[in-house]
Each structure stands twice: as structure tokens, then as C-alpha cells.
Amino acid sequence: MHSAYMDNNATTRVDPRILETILPYFSTYYGNPSSMHSFGGDVGARLEDARASVQALLGVEHDSEIIFTSCGTESDNTAILSALAIQPGRREIITSVVEHPAILSLCDHLERHEGYKVHYIPVDRLGRISMEAYAAALSERVAVVSMMYANNETGTIFPVETMARMAKAQGVLFHTDAVQAVGKIALNLRESAIDMLSLSGHKLHAPKGVGALYVRRGTRYRPLLRGGHQERGRRAGTENTTGIIALGLAADLAVEHMAYENTMVRALRDRLEAGILAQVPYAFVNGDPEHRLPNTASISFEYIEGEAILMLLSRVGIAASSGSACTSGSLEPSHVLRAMDIPYTAAHGTIRFSLSRETTEADVDWVIAQTPPIIEQLRRLSPYWGANGPILTDNAFAPVYA
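In C-alpha cells form, the structure reads like this:
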């Protein structure tokens with residue numbers, strides 16, 4: 001039986017070339033990069049090579065603007081808490097309603113326990129940010145804006161460059177969680193007003209447990225972790241040498257494959273969507289059709305549950321994820337879909353297929369072949385589906401199409 005991994009927005013496979021390169025750093029080149037001897041010095045040189053590679057991927061002017069961290073969540077928390085620490089007189093934050101929990105959970109904590117005011121900017125039916133609400137929220141009272149570069153569920157890309165310039169005009173620091181964007185779309189931070197940017201290695205074929213935070217040169221900064229002198233005193237703790245070296249290699253490969261991501265991967269994504277929608281009625285794609293990551297397809301299948309779809313997909317070797325955050329004791333669909341006002345009967349049946357440069361035509365064809373009969377099977381069991389299609393018991397269940 002064929003298998004198809006379509007959950008690359010959750011994590012990617014470590015590129016075999018990266019794995020082969022880093023293995024010796026576990027057993028042969030294992031020195032602490034802070035040590036004076038050659039065992040450490042040679043490893044330290046590789047860390048600086050990795051920093052230069054991440055610098056090139058982001059289009060950063062100075063390698064000193066790259067701080068290695070453990071993950072995107074640490075980078076996000078560091079950026080926001082640093083911005084608040086250096087501006088104690090500014091007690092407001094701006095973010096969006098569709099951010100990753102790494103941002104939303106922190107903002108909720110700051111609002112509930114530290115007395116900060118958080119402006120949550122809404123999105124429309126396609127997941128596009130309300131620029132009017134954003135402009136209205138900006139003021140000299142705001143310490144930091146944190147807006148994702150691209151949404152992890154729908155792939156919708158926010159106009160962060162424009163938003164960063166608007167923030168700068170008000171003297172407000174601008175951070176973007178670019179975990180899903182880095183490696184998929186070209187960035188040039190030299191020409192940007194973005195002050196801070198977060199990324200995570202395992203989203204671009206490096207191992208889990210390594211990330212980075214870009215901090216524009218001249219931006220005032222307070223470290224989250226204090227201790228040793230690592231990362232020029234900006235992030236204490238012995239460096240994850242194998243992870244950082246891997247991240248540097250992943251950055252090099254991302255630059256090499258950027259054109260492929262935006263042509264071939266995009267074409268495979270479009271083929272997947274078209275192939276499924278041609279066979280499945282009452283289904284639609286979520287997100288901004290004009291400004292979307294090239295690898296991400298969020299498809300809502302009305303009148304059925306996403307968890308059941310995932311279970312049956314898994315049985316035929318297909319790995320995807322649900323747009324529904326259903327866990328034990330919860331029947332709520334994801335906050336992203338709720339914010340986009342997707343009908344509940346569609347939000348519950350939303351599946352995210354996320355591709356990578358390793359996705360093949362055979363993978364896509366397998367998903368196209370296997371998904372429609374699964375949807376048909378589950379709809380036969382749905383209380384909202386009859387012999388002739390949907391049974392509309394309430395206007396709230398009426399289908400909505402992008």
C-alpha cells in the first residue's frame with residue numbers, strides 16, 4: 001500500500017543529507033563550542049557557518065542579528081517579553097485572533113495576570129487581516145505588534161511588510177511569527193521594517209529542538225534566559241550544536257529549493273485541491289486564494305467530523321491533520337476557523353494537507369484517489385446527510401463556499 005505524508009506544517013522529515021552531516025557531531029566532534037581547545041573551537045566555527053546560512057535565508061544584513069533558540073515558541077516569547085521589558089510605560093499589545101498558541105497563550109497570560117491590554121485584530125472569511133482594525137489599534141501606548149507571517153492552518157499570508165511600516169511610523173516594535181513561512185517563500189529583511197522574526201528548524205527539514213530569533217540591529221533587547229555568555233549574552237545555555245548545524249544546512253537547502261517550492265510544490269498543491277473538489281460535493285478550500293503558502297491546502301468537508309476522516313485516511317497510509325482542535329471533552333473547532341466564521345458543519349470536517357519538496361505526484365494521486373470514498377462513506381453515517389444530500393435543519397448549517 002502506498003503511503004503519503006501530508007502533514008509537513010506539523011513537522012518535516014529531517015533531510016537525509018542533514019542527518020548524515022550532523023551525526024559525527026554526536027560522537028566525534030562533540031566539544032563545547034565555548035571551550036578554548038580545538039575540540040570546542042572547531043564546533044564553534046560550524047555554529048558561525050550556520051548563523052551565516054540563516055542570515056542568507058532571511059536576507060539579513062548582519063549575522064549578529066541571528067540568535068539561536070530552542071524552538072519557535074521560545075523565540076516568540078522572547079520577542080514579546082523583551083519588547084515589554086524595554087518599554088515599561090507602554091502597556092498594550094496588538095496581535096491577531098488567528099495566531100499560534102505560542103502567541104495567544106502568552107498574550108492571554110499577560111492580559112489576565114500582568115494587566116496588559118491586548119488588541120486582537122479580526123480576520124475575514126478568507127482569513128485576511130482587517131487592516132482598518134489594525135490601524136485603529138496602533139498608538140503610542142502599544143509596545144509591540146506580533147502578527148504571523150502566514151497562518152499554519154490555512155496558509156493565508158498576512159501583509160506583514162505593510163503592517164511593520166505602519167507600526168514603525170507609530171514608534172511600535174513589530175514582531176512576526178514566521179515559522180510557517182521561512183523556507184517556503186523568499187524573505188529579504190534588509191529591506192523590511194520588521195524588528196523581530198521567529199523561525200523553527202523542524203518546519204524546514206532540520207531536527208526538532210532548534211529555532212532562531214532575528215533581532216534587527218539597533219533594536220533594544222532583553223534576554224529571556226540569563227546565565228552564560230552564549231549568543232553574545234542574548235540567550236544563555238550551552239548551544240544545541242547538532243541542531244544549530246542542522247538548521248544552517250536546512251537554510252542552505254531551503255535557498256536552493258525556493259523556486260521549486262513556489263512552482264512544483266504549488267502545482268502539486270493545486271492539483272490535490274482540484275482533484276478532490278472535482279469529486280466531492282459540499283467541500284471548499286479555506287484561505288486567501290491569492291496570498292497563500294504554496295504547500296498548504298485546508299479543505300472543509302461539510303456534515304462530517306474531521307477526526308473520523310483522519311482515522312480513515314491513516315488506515316490507507318495518509319497522514320494529514322484536522323482543522324478541528326477537538327480533544328477529550330471538547331467539540332469546538334479550531335480558533336482559526338471560528339474566527340473566519342466557517343460554519344460549524346464545515347469547520348468540524350476540515351482537513352489540512354501540507355506538502356513539502358519531498359511530496360511526489362504519486363503521493364498526491366493517492367490522496368485524490370482515497371479521499372472521496374472516505375468522505376462518501378462518512379456522510380452516509382452523518383445525521384445531517386440524507387439520500388439526496390444534506391439535510392438542512394437550521395440555516396446555520398447552510399453551505400458557504402470560498
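In this text, residue positions in the sequence shown follow full-length UniProt numbering: the first is 1, and each later residue adds one. Cβ atoms here follow ideal geometry from the backbone N, Cα and C, with glycine treated the same way.
In the structure shown, residue 158 falls within a coil segment according to DSSP collapsed to helix, strand and coil.
If the five residues before and after residue 48 are omitted, its C-beta is found closer than 6 Å to no C-beta atom of its own chain. When DSSP reads this structure, residue 1 sits in no beta bridge, so it has no partner. Residue 294 sits in coil when the DSSP states are folded into three classes, being neither helix nor strand. Per the C-alpha coordinates, the member of 66, 42, 43, 44 positioned closest to residue 53 is 66.
Secondary structure at residue 175: strand, using DSSP grouped into helix, strand and coil. Here residue 21 carries a helix assignment [DSSP, helix/strand/coil]. Around residue 205, the same chain offers 12, 13, 14, 15, 18, 250, 253 as residues with beta carbons nearer than 7 Å, after the five sequence neighbours per side are excluded. Secondary structure of residue 243 (DSSP, three-state): helix. Contact between residue 147 and residue 70 is ruled out by a C-beta separation of about 23 Å, above the 8 Å threshold.
In summary, residue 3 is exposed, with fewer than 16 beta-carbon neighbours lying within 10 Å of its beta-carbon over all protein chains present. A residue is called buried when at least 16 other Cβ atoms come within 10 angstroms of its Cβ; residue 294 meets this threshold and is buried. Under the 8 Å Cβ criterion, the stretch 79 to 92 does not count as touching the stretch 182 to 190, having fewer than three qualifying pairs. Sorting 361, 313, 220, 181 by C-alpha distance to the C-alpha of residue 375 places 313 at the top. The beta carbon of residue 134 is closer than 6 Å to those of 121 in its chain, skipping five residues each way along the sequence. Counting along the chain, the unbroken alpha helix (DSSP H) around residue 131 starts and ends at 131 to 137. When only Cα atoms are considered, residue 159 and residue 139 end up about 19 Å apart. Under the DSSP definition of a beta bridge, residue 92 partners with 117, 142. The C-beta distance from residue 86 to residue 222 rounds to 6 Å, short enough to meet the 8 Å contact threshold.
Counting along the chain, residue 80 sits inside no beta strand (DSSP E); it lies in the alpha helix (DSSP H) bounded by residues 72 to 85.
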